[in-house]
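J.: The structure under discussion is supplied below as C-alpha cells; questions concerning it will follow.
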Amino acid sequence: MLNLPISILSFFFFLSLTEFLNLENIKRTGLSSSPSMVIFSHHFLVIYLLFVSSVLCQVTEFVSIDCGGTSNYTDPTAGLAWISDIGIMNSGKSVKVENPSGNRMQYRTRRDFPIDNKKYCYTLGTKERRRYLVRATFQYSSSGNEASYPKFQLFLDATLWSTVTVLDASRVYVEEMIIRAPSDSIDVCICCGITGSPFISTLELRPLNLSMYATDFEDNFFLKVAARVNFGAPTKDAIRYPDDPYDRIWESDLSKRQNFLVGVAPGTMRINTTKNIDTRTREYPPVKVMQTAVVGTEGLLSYRLNLEDFPANARAYAYFAEIQDLHQNETRKFKLEQPYISDYSNAVVNIAENANGSYTLYEPSYMNVTLDFVLSFSFRKTRDSTLGPLLNAMEISKYLKIAAKTDRLDVTVLDAFRSMSDESEWTNDRGDPCVPAHWEWVTCSSTTPPRITKIALSGKNIKGEIPSELKNMDALTELWLDGNSLTGTLPDMSGLINLKIVHLENNKLTGSLPSYLGNLPSLQELHIENNSFCGNIPQALLTAKIIFKYEHNPQLHKESQRKHFKLILGISIAVLAILLVLFLGSLLLLRNLRRKISNQKSDEKGDSLRASTKPSTAYSIARGGHFMDEGVAYYISLSELEEATNNFSKKIGKGSFGSVYHGKMKDGKEVAVKIMADSSTHRTQQFVTEVALLSRIHHRNLVPLIGYCEEEHQRILVYEYMHNGTLGDRIHGSVNQKPLDWLTRLQIAQDAAKGLEYLHSGCNPAIIHRDVKTSNILLDINMRAKVSDFGLSRQAEEDLTHISSVARGTVGYLDPEYYANQQLTEKSDVYSFGVVLLELISGKKPVSVEDFGAELNIVHWARSLIKKGDVISIIDPILIGNVKIESIWRIAEVAIQCVEQRGYSRPKMQEIVLAIQDAIKIEKGGDQKLSSGSSKAQSSRKTLLTSFLEIESPDLSNGCLAPSAR
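In my numbering, each number is its position in the sequence shown, counted from 1, plus 245.
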C-alpha cells in the first residue's frame, strides 16, 4: 500500500469514511450491524490518517532546487514542487541545456560557476541529528565545441563528497549521501575546477524515517551511496517518488549505464507479482521494488558490479521477499558464496522462515564489510533446497570519513564581523571558512580542526564594537580592522598569545589601553592611530621591541617622567637586594661543597670503583649540558652507594649502560644502581643528558631517577627499584613464574602507553624514547608498569644493532621507516609499542625462526593472520578460555595500525591509550569467554585498517570503524 499515489489513497479514504458514517447512522436508527465491520472501519480510518499525515509531512519537508532554473514549478511526472535557486545562489550563471534527460523540467537548465579555486555553496536547513538523503545531479549536455568536459570537486560541509568527472555529456550523474545532520544546516559546495567549468543541475534534500540507515559510526562517517539496484525490473526506468515515499532512486538491473551489472549466471529468470509485500523493516523499501526479483533456476545467481571510489569499507543491504507461491514440498535455501565473508557466508537464507512468511520482506544488512572496486557476488542454493536463490534488490554505501570543520569558536567571531557590515559582498561567503577553500578575508592553519590565523577586514565598512568572543581565537596571528567605523573599548585579548600584528588605526575606538598589550608574548606591531583612546600608555608598550604607532589620539599620553624615575629606582633597589642574597647564598654553598670534598677524600679506599675522589657537583654536570638550571636529581656520594649496595655485591642485571646493582638507602628505600661501563667523552655527554632529562620528568608510569654520582671516571645513576622485573621476563622468562592474565597485560599496556604519551605530549620539547621494548617496561611491587631507559642514546650490545650513525634500536622493534630515512619521530616509538602489543597478545618474541618460519618476525606473521580475520591463531595459548575475543580484537586492530609501514598511518599514543581502555572495558564488561574450540569463523571480521585495504589511504585512527553487524 505504501507505493500507492496520494490520489488513489484519497479515494479509498473517502470510501472508508462514507462506510463509517453509514454505520454510525445505522447505529443511531437502532438497526442491527456487524461489530467487526465497525471495528474494521475505525482501524482503517486511523491507519489511513496516520499514514497519509506521515507521507504528506514527509513530502512537505522535501527540498528540491532547480539549479539555474528561472521559476518555481511542479514536476508533472512525480508531482513534486521545485524551486529556482535565484536568490539562493548569487554566483555563477544560468545555462540552457539542450536535449535534457527524459525532457524533465529540472534538467532544462544548469548553473555554471567560474573556473577558479573558490567554492560556491548552497546552504540547506536541517534538524540536528536527523537523517537525510542529500542528492546532487549533474547533466552537462554540450555544444560540441568544448576542448574538454568538466571535472571538479563536490563537498558536503568540509568533507570531500566526490570528484565529478563528466565523460558522457548526455548522462545524468547522480551523487547521493546519507547523513545524520551535524547541525541545523549543511553546506553543499562546488569547488576547484580541474578542467572545464564546474556546474550543478539539481540539489535535493529528503528527510528519512527515524530508524532508517542508522549505523554505529555515524558520528564520524557519512554513507555515500554507491549502488541501489532493483532486480527483476520490468523496464529500464528507475523507480523513485511517489512509489518510494522517501524518493530514493532504485535503478533497474536492465540499465546499461557504464560500470553497471554484468556477468549474469546462466538460468537467471525474472519474476514478478501483483500481490502486496509487507516491507515494514528498518529501511522501508518500496513495495513496487519488492514485487520483482531474479531467480537462479540452475541454482546460482551471479553478478559483477564496478563500485566507484572503492576499495573501501561499506554498509550493504540485501532485500529478499518470497514472491512465488511455494508448494508444500518446495524449499528455497541459499548462501552467499562470493565474496566470502565468514560471518555471513555461513548463514543459510530461508526467506519464508527468516521473514516469517511469504510476501514479507527479509532485510539482512552488512554493517561494515570491505569491498573491492570490482564486486563479484553470487548466491548458491544449498543441497537440501529444491529451488534456486532469489534476490529482489540491494544497496551498497561507502563509509566516508567526516572531515573536521573550522573551530566553532573561530566561526562565531567571523559571523559576528559579517553581521556588522550591511549588504557587503564579502559577507555573502558561505560554507566553511577554511575548507575546501578559505574565504578571501581569512587565512587558516593546516591543523585539525582548522583554525583562523588571520582576519583581513581593512576598509570593509564595519560598524559597532569589536566582538568580545575575539578572546577565544587563540590561534590568531594577525588582525586587520583598520579603516572602519569601530566604536567602544578594546575587548579582552590577553589570551591571544600568538598575536603578532594588530591594525586598528582609523576607527572610532575609545577607552584606555589595557596593560596586557605590552605583555603579549608574540606581539610585533600595534597600530592604533586616529582613534579616541585616552589615559596613559602602558610602559611595557613603550619599552618593548615592537612597532607601536599611536599618533592622533589627543587624550592618550605617556606617563610622567617622575613616575618613571620612581619605578626605575624601586626596580634598582630590588635588583640590588636580590643580588646581595644570591651572593651570600653562593658563599654558603661554596663552603658546604668544600666541606663535602674534604669528607670524600678522607673516605678514599683505593677500590677500582673509585678512580678519583673529586666529586662532580651540579657545576660539573652543567659543564657537559645546558639543562641544569631546571634542577637535577640530588647528588649521592660514592661512599653512600657502596654502603647501600654492600660494596656492589648484588648484581641484578646488565644493559647497554652498564651493570645494575640492588641497594637499600639509609631511609629504607630500595634502589637500582646503574654504573656506566664506558667512560669515554661521548658516554659522558650521554650521562649528562640522561641526568638532565630525567631530573625534569616526573610521571607515575616512568621509572624515576632518585639521584646520581659523578666522581672522575665513575658515573652512576640511581633509580627506584622495581620488584617484579621486566615485562619481557614475565612474558618470555621463567616457567616458574605465574603467567600474566589478559586483564593484567592490558593494565600493563595502558601504564606503558601513558608513560610514552607523556614523553611525546607532556614534555616540551617532546622526548622520543628510541628503544621501546618489553625489557624496558618494568613492573613495581603492585604489578604497575613503568617505562625505563629513555632519553639516553645507546651503543650496540648483545640485543641491539647499530644500524647506522643515526638509526639505533632493537632488532624486531626497529621502525622500518626510521631505518630507511633516519628521520626519528614519535611514530618510531609507536611502531615499537605496536610490537609490544603483539607480544602481549601472542606471548611470542619479536624475532624467532622457530615461531614464525619464513616470516622471521612477529609483525609479518601477525599481520598476515589478522588480515585473514583469524585472530585466534595469534593468541597466547595460556589465555585461551580466559579472554574475550572482542577485547583481543580491539588490541590486535590498534597493534596492526601501530606497525603500519609509513609513520603517518600510525595512531598517536593518546589514541592507543583510548583503544587499550576500550579493551579493558570490554574485558570487564561481560562473562562470555573464548574457548579453545571456538570457530575461527566467529573471530573473522573486516576492519577499516589501511593494511586491510592494501591501498594508500589517509590516517583513520581518530575514526576507525569497529566491525559489527546486525
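Don't be surprised by glycine CBs; every beta carbon is placed ideally from N, CA and C.
Select from T404, G324, E1095 and R380 the residue whose C-alpha is nearest the C-alpha of L1228.
T.: Since the first and last residues shown for the chain are 246 and 1211, residue 1228 lies out of range.
J.: Between the Cα of G973 and the Cα atoms of L1082, S884 and E885, which residue gives the shortest distance?
T.: L1082
J.: For H1105, tell me which candidate among L768, S623 and P1061 has the shortest Cα-Cα distance.
T.: Nearest of L768, S623 and P1061 to H1105, Cα basis: P1061.
J.: Rounded to whole angstroms, how far is the Cβ of T537 from the Cβ of P530, which I believe are closer than 8 Å?
T.: Wrong, their Cβ atoms sit about 12 Å apart, outside the cutoff.
J.: Could you pull out every residue in the same chain whose Cβ sits closer than 7 Å to the Cβ of C1008, ignoring the five residues on either side in sequence?
T.: I942
J.: Once DSSP output is grouped into helix, strand and coil, what is the label at P511?
T.: coil
J.: Are the beta-carbon atoms belonging to I791 and L768 less than 8 Å from one another?
T.: Yes, the Cβ-Cβ distance between I791 and L768 is below 8 Å.
J.: Are the beta-carbon atoms of G952 and Y879 separated by less than 8 Å?
T.: yes
J.: Do L378 and Y491 count as a contact pair if the criterion is CB distance below 8 Å?
T.: A contact, by the Cβ cut-off of 8 Å.
J.: Please report the straight-line C-alpha distance between Q573 and T631, rounded to a whole angstrom.
T.: 11 Å
J.: K1018: buried (16+ other C-beta within 10 angstroms of its C-beta) or exposed?
T.: buried
J.: Identify the continuous alpha helix (DSSP H) that holds R653 and give its terminal residues.
T.: R653 to R663
J.: Judging by CA-CA distance, which residue of S393, V308 and A483 is the nearest neighbour of G441?
T.: S393
J.: Taking the alpha-carbon positions, what's the E496 to L1085 distance?
T.: 50 Å
J.: Starting from A459, trace the beta strand (DSSP E) both ways and give me its first and last residue.
T.: That residue, A459, is in no beta strand (DSSP E); it is neither H nor E in DSSP.
J.: Would you report the Cα separation of D1163 and I993, rounded to the nearest angstrom?
T.: 14 Å
J.: For the alpha helix (DSSP H) that F1078 lies in, which residues bound it at each end?
T.: Counting along the chain, the alpha helix (DSSP H) containing F1078 begins and ends at E1071 to S1087.
J.: Just the Cα atoms here: how many angstroms apart are S1049 and D912?
T.: Confidence in S1049 is poor, its pLDDT being 35 and thus under 50, which makes the residue's placement too unreliable to answer from.
J.: Return the chain-ordered list of same chain residues with a C-beta closer than 8 Å to the C-beta of L731, the five sequence neighbours on each side being excluded.
T.: I707, K708, G709, E710, I711, L749, N752, K753 and L754
J.: Going by C-alpha to C-alpha distance, which of D1121, S1118, P1122 and H1005 sits closest to M1154?
T.: H1005
J.: To the nearest angstrom, how far is it from the Cα of N348 to the Cα of S446?
T.: 14 Å
J.: Between the alpha carbons of K716 and N743, how many angstroms are there, rounded?
T.: 12 Å
J.: With which residues is D677 paired in a DSSP beta bridge?
T.: Bridge partners of D677: none, in fact.
J.: Going straight from the alpha carbon of K341 to that of V308, what length do you get?
T.: 22 Å
J.: Sort Y761, S777, L606 and P799 by Cα distance to Q784 and report the nearest one.
T.: Y761
J.: Touching or not, the region 421-437 and the region 463-481, by the rule of three or more beta carbon pairs under 8 Å?
T.: yes
J.: Quick check on DSSP: helix, strand or coil for L254?
T.: Only weak support exists for where L254 lies, its pLDDT of 40 falling under 50; the coordinates are left without a value.
J.: Can you give me the Cβ contacts of N270 inside the same chain, cut-off strictly under 6 Å, excluding the 5 residues immediately before and after it?
T.: Confidence at N270 is low in this model, with a pLDDT of 39, below 50, so the placement of that residue should be treated as unreliable; the coordinate-derived value is given next. Within the same chain, no Cβ atom closer than 6 Å to the Cβ of N270 is found once the five residues on either side in sequence are excluded.
J.: Go to R960, then tell me how far its beta strand (DSSP E) extends in each direction, as first and last residue.
T.: Q959 to E965
J.: Mind listing, in chain order, the continuous beta strand (DSSP E) runs of no fewer than 3 residues lying wholly within the region 468-536?
T.: Within the region 468-536, the complete beta strand (DSSP E) runs of at least 3 residues are 513-517.
J.: Evaluate V826 with the Cβ neighbour count: other Cβ atoms within 10 Å of its Cβ, from every protein chain shown; 16 or more gives buried, anything less gives exposed.
T.: That one is exposed.
J.: What does S777 pair with, by DSSP beta-bridge criteria?
T.: As DSSP reads the structure, S777 sits in a beta bridge with T755.
J.: Does the distance from the CB of D996 to the CB of N946 come in under 8 Å?
T.: yes
J.: Taking the alpha-carbon positions, what's the I1022 to I1103 distance?
T.: 19 Å
J.: Pairs of beta-carbons, one from the region 469-484 and one from the region 635-645, closer than 8 Å: are there three or more?
T.: yes
J.: Spatial neighbours of A917 within its chain, please: C-beta separation below 6 Å, excluding the five flanking residues on both sides.
T.: V905, Y964 and Y966
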